[in-house]
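Just so you know, we're using my numbering here: the sequence shown kicks off at 277 and counts up by one.
Here is the structure we will look at, set down as structure tokens.
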Amino acid sequence: LDVSSGSSMDWAYKNGIPYTFAFELRDTGHFGFLLPETLIKPTCTETMLAVKNITVHLLKKCP
Numbered sequence: 277l278d279v280s281s282g283s284s285m286d287w288a289y290k291n292g293i294p295y296t297f298a299f300e301l302r303d304t305g306h307f308g309f310l311l312p313e314t315l316i317k318p319t320c321t322e323t324m325l326a327v328k329n330i331t332v333h334l335l336k337k338c339p
């Protein structure tokens with residue numbers, strides 16, 4: 277991930293939220309933030325799988 281300041285992750289840490297995440301969505305450096313329509317659903321699918329796995333792990337760790 278690129279370094280940035282003043283992100284929502286900084287705000288969360290400052291407010292006592294111990295776990296924050298920033299997802300970088302798929303791209304090979306060609307499309308940037310403007311993915312073609314054919315890549316939108318696969319990107320959503322893989323991102324939601326990551327969110328689900330992180331959530332399951334955190335629910336086990338922090339009941």
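Each residue gets a CB set at the ideal place from its N, CA and C atoms; glycine is no exception.
Item, Value
"The ligand PLP heavy atom lying under 7 Å from the CB of residue 315", "No copy of the ligand PLP occurs in the structure displayed, which carries no ligand at all."
"Between the CA atoms of residue 298 and residue 314 - distance to the nearest angstrom", "23 Å"
"Rounded separation between residue 300 and residue 333 - CA only", "20 Å"
"Separation of residue 338 from residue 284, as counted between CA atoms", "22 Å"
"Where residue 286 sits in the DSSP three-state scheme", "helix"
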